[in-house]
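Encoded as structure tokens, the structure appears first; notes follow it.
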Amino acid sequence: MSGSRGDEYNQLAALIAATRETSGELFGKAMVAWLRRHVSFDHCVIFGYRGASRPPLLFETFSPAESHVFVALYQEGPYLLDPFHHAAVERKEGFWRMRELAPDRFYASEYYRSYYSQTKLAEEVGFFVPLKGKDALVVSLMRLHASGPFGTADARLLRDMAPAVIGLARLRWPALPADQPAATKQDEAIAPVNEFERAHIWKSLSLTPREKHVVDLVLQGHSTESIARAMRIVPGTVKVHRRNIYRKLKIKSQAGLFARFVEIIDARIR
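For the sequence shown, the UniProt record's numbering assigns the number 270 to the last residue and increments by one with no breaks.
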């Protein structure tokens, strides 16, 4: 976060040159070096997103132990409940803070307690980059509890830098790696992305489409009131759906619902 203007221009030139390299590692390191001239952060990770498919890792700064939590565990299934994943699939663009995207009960959700709290993050922010078709990528910057969240001035500066970050990321990754197959045309014709995700994850359960939607929103961290607004129904109807879901799945709490989600994810990766 210091140095001469000439040094900054040299770093920017190196970053632009790295967009033409075949290695995402070179681009990621150049991007991190340039961003750190302006704002301090502990980690950076770049994921690609394509519907419900396992998100490819494009770049990371984690140690092997940290990568197990932030990457390996995340790719096994928790990404499906990540507000960043949902925002990317919805093709949001620009700079966003987690607190701007997270549902109203996200920080009290079972997902947060069981997975996200393991990251020990004070805050995560991201540059959201829609690509051709339905692909997208997110350049995430993270600050640990020891560093504290991003300040208002830092967030404002990063938001101002977003057009440059997004443009450079698109130059480096005009599309996601070809070895990550997209949803088939048949899948896309059947239903929009969010409906495809629900059918894909919950197809083994005897739930109605509405109940599957409620399950998704509950696990993401939405309150009863937030679910009612999202589905355009009254809160009482949401409560009825939840009672029916718990009865059908023979569970009694959100913890039981999350445990069932983990079981389904485990079955998918075996």
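All C-beta atoms, glycine included, are put in the ideal place defined by N, C-alpha and C.
If you draw a straight line from the alpha carbon of residue i to that of residue j, how long is it in whole angstroms?
i, j, result
"P192", "R91", "The predicted position of P192 is uncertain, since its pLDDT is 38 and thus under 50; no value can be drawn from it."
"G77", "G6", "44 Å"
"Y107", "E123", "12 Å"
"A87", "A169", "17 Å"
"S109", "L219", "7 Å"
"P235", "S206", "23 Å"
"A259", "L12", "46 Å"
"Q254", "I245", "11 Å"
"L144", "E66", "12 Å"
"T119", "E25", "22 Å"
"Q186", "G148", "Residue placement at Q186 is poorly supported in this model, since its pLDDT is 34, which falls under 50; the coordinates are not used for a value here."
"I233", "P64", "45 Å"
"Y111", "I46", "21 Å"
"I190", "A230", "Confidence at I190 is low in this model, with a pLDDT of 29, below 50, so its placement is unreliable and no value can be given for it."
"K248", "A175", "41 Å"
Buried or exposed, going by whether 16 or more other CB atoms sit within 10 Å of the CB of residue i?
i, result
"D104", "exposed"
"E21", "exposed"
"S117", "exposed"
"D266", "exposed"
"E211", "buried"
"T224", "buried"
"H241", "buried"
"Y74", "buried"
"A30", "buried"
"G133", "exposed"
"A102", "buried"
"H213", "buried"
"H68", "exposed"
For the candidate residues the options, whose alpha-carbon lies nearest to that of residue i?
i, options, result
"S114", "V125, L141, L81", "L81"
"A162", "G256, W34, P235", "W34"
"L131", "R97, G51, G221", "G51"
"P177", "S53, F70, L15", "S53"
"F128", "G167, L121, L257", "G167"
"F150", "Q75, A18, R36", "R36"
"K203", "D135, I264, T61, F70", "I264"
"A18", "V165, H68, R97", "V165"
"Y79", "H68, P55, M98", "P55"
"L217", "K250, L257, R247", "L257"
"L57", "H213, F41, G28", "G28"
How close, in whole Å, do the beta carbons of residue i and residue j come, if the pair is a contact with beta carbons under 8 Å?
i, j, result
"F59", "R159", "About 21 Å separates the two Cβ atoms, so there is no contact after all."
"F84", "G126", "6 Å"
"W173", "L141", "Actually they do not touch by this definition, with Cβ atoms about 17 Å apart."
"V215", "A228", "Not confirmed; about 15 Å, so no contact."
"P43", "L157", "According to the sequence shown, residue 43 is His rather than Pro. Rounded, the Cβ-Cβ distance is 18 Å, inconsistent with contact."
**Message:** Threshold first: 3 residues or longer. Then list the beta strand (DSSP E) segments lying entirely within the segment 61-118, N to C.
**Reply:** 94-97
**Item:** Uninterrupted alpha helix (DSSP H) stretches inside the UniProt domain "HTH luxR-type" (200-265) (no shorter than 4 residues)
**Value:** 209-220, 224-231, 235-249
**Message:** Suppose only complete runs of 3+ residues qualify. What are the beta strand (DSSP E) ranges in the segment 15-54, listed by chain order?
**Reply:** 43-49
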